[in-house]
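Below is one structure, written out as structure tokens; comments come after it.
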Amino acid sequence: MIQSMTGFGKHTIQLPSKKITVELKSLNSKSLDLNARMPSAYRAKELELRKVIAKSLVRGKVDFGLYVEFTGNETSAQVNEGVVKQYMSQLRSIADGDDLQLLEMALRLPDAMKTEREDIDDEEYQVIQRALKEALSEINIFRSEEGAVLEADFIQRIQVLEELLSQVVEMDPERQATIRERLEKAVSDLKVEIDENRFEQELIYYLEKYDITEEKVRLANHLDYFSKTLKSSDSNGKKLGFISQEIGREINTIGSKANYAPMQQLVVQMKDELEKIKEQMLNVL
């Protein structure tokens, strides 16, 4: 079953003094492009978390966010008292104002607050890992649901291509007869003596150049292979993309050899359906 690269997952865990939220968003990309946002105190665990995400999501442009909100009385930020007093002293020498006004101004200046770096304890890291696991589960469910929608669309468009191919097969004898008739008329209009045997040989050689038997067979095989790959247990967007290229190659060859307007109209319809498949294919994992 195929999966989309578009997805969203979020999970929040409430601790006694803080709320930890893990959020994942993904869009299509040729490879894994992971952007991580987290508080600086948690950066030590970034590489481990990236490995977990990469193993689960494989491909896509992924935004990973780890958000920590302190909900208790604890805070890691403190007033840098010495710096604030120096600011107030300097401000008092250049501007009039009471201590409260000077304090408000000083607190807005650089380094007025200091943050004590806290290491993540094992218990908190286990909570983050659990939140990440739940968020990954959510985003993969989302991707699978989106993949089911894509799969239904692919099945429908492959069926349309198969129907158009059957019309090409049905039309081919008429096309060959029309080309032969057109050539014979062109020769007769010349009003010259010709060697019938030689003419028949040349005619057969010419018609062989416009024969599309092999293309019809290969195109049917590619369409069948595409359908079977859709039903495989893993999602392989790259493989489906390669098959789509082969389908396009056969359709183009049929169009170049057709030399018959009604068949070329069918080829245009086939190209249109295949283009829609290729557009959607960009989002398949």
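For the sequence shown, position 26 (counting from the first letter as 1) is numbered 280 according to this note's numbering, and the numbering increases by one without interruption. We put the CB at the ideal spot given by N, CA and C, even for glycine. Owing to the predicted nature of the structure, the values given are computational and were not obtained by experimental measurement.
Can you list, in chain order, the residues of its chain whose CB lies under 6 Å from that of residue i, leaving out five sequence neighbours each side?
i           : result
residue 507 : 469
residue 399 : none
residue 342 : 356 and 360
residue 401 : 256, 257 and 258
Closer than 7 Å by C-beta to residue i: which residues in its own chain qualify, once you throw out the five before and the five after it? Chain order, please.
i           : result
residue 306 : 386
residue 411 : 527, 530 and 531
residue 361 : 338
residue 301 : none
residue 541 : Residue 541 lies beyond the residue range present for the chain, which begins at 255 and ends at 539; the question has no answer from this structure.
residue 516 : 425
residue 363 : 341
residue 294 : none
residue 460 : 437
Which word fits residue i, buried or exposed, when buried means at least 16 other C-beta atoms lie within 10 angstroms of its C-beta?
i           : result
residue 316 : buried
residue 496 : exposed
residue 436 : exposed
residue 484 : buried
residue 389 : buried
residue 504 : buried
residue 480 : buried
residue 487 : exposed
residue 489 : buried
residue 458 : exposed
residue 415 : buried
residue 336 : exposed
residue 274 : buried
Tell me which same chain residues have a C-beta within less than 8 Å of the C-beta of residue i, skipping the five on either side of it?
i           : result
residue 520 : 418, 421, 422 and 425
residue 404 : 256, 258, 534, 537 and 538
residue 280 : 259, 260, 261, 262, 311, 314, 315, 316, 317, 393 and 397
What residue from the options has the CA that sits closest to residue i's CA?
i           : options               : result
residue 382 : 401, 498, 267 and 517 : 267
residue 494 : 375, 347 and 409      : 409
residue 375 : 299, 273 and 349      : 299
residue 276 : 269, 319 and 297      : 319
residue 498 : 304, 472, 282 and 297 : 472
residue 303 : 324, 278 and 432      : 278
residue 286 : 501, 308, 346 and 350 : 308
residue 433 : 513, 324 and 480      : 513
residue 324 : 406, 269 and 491      : 269
residue 296 : 353, 378, 363 and 354 : 378
residue 551 : 271, 322, 284 and 340 : Because the chain is modelled from 255 through 539, residue 551 falls outside the range shown and cannot be assessed.
residue 413 : 272, 524 and 294      : 524
residue 283 : 518, 522, 500 and 492 : 492
How far does the alpha helix (DSSP H) with residue i in it extend, from its first residue to its last?
i           : result
residue 311 : 300-311
residue 488 : Counting along the chain, residue 488 falls outside any alpha helix (DSSP H), and DSSP gives it neither H nor E.
residue 534 : 515-535
residue 479 : 467-484
List the endpoints of the continuous beta strand (DSSP E) containing residue i.
i           : result
residue 339 : Looking at the DSSP string, residue 339 is not in any beta strand (DSSP E); the run it does join, the alpha helix (DSSP H), is 335-348.
residue 365 : From DSSP, residue 365 is part of no beta strand (DSSP E); its letter is neither H nor E.
Closer than 8 Å, CB to CB, is residue i near chain D or not?
i           : result
residue 474 : Of the protein chains in the structure, only one exists, and it is not chain D.
Counting beta carbon pairs with one atom in the segment 391-407 and one in the segment 257-271, are three or more of them shorter than 8 Å?
yes
Is the number of C-beta pairs between the segment 500-516 and the segment 466-486 that are closer than 8 Å three or more?
yes
Given 8 Å as the limit, is there contact between the segment 275-293 and the segment 514-531, that is, 3 or more CB pairs closer than that?
no
Cβ pair count under 8 Å reaching 3, the segment 428-443 against the segment 470-484:
no
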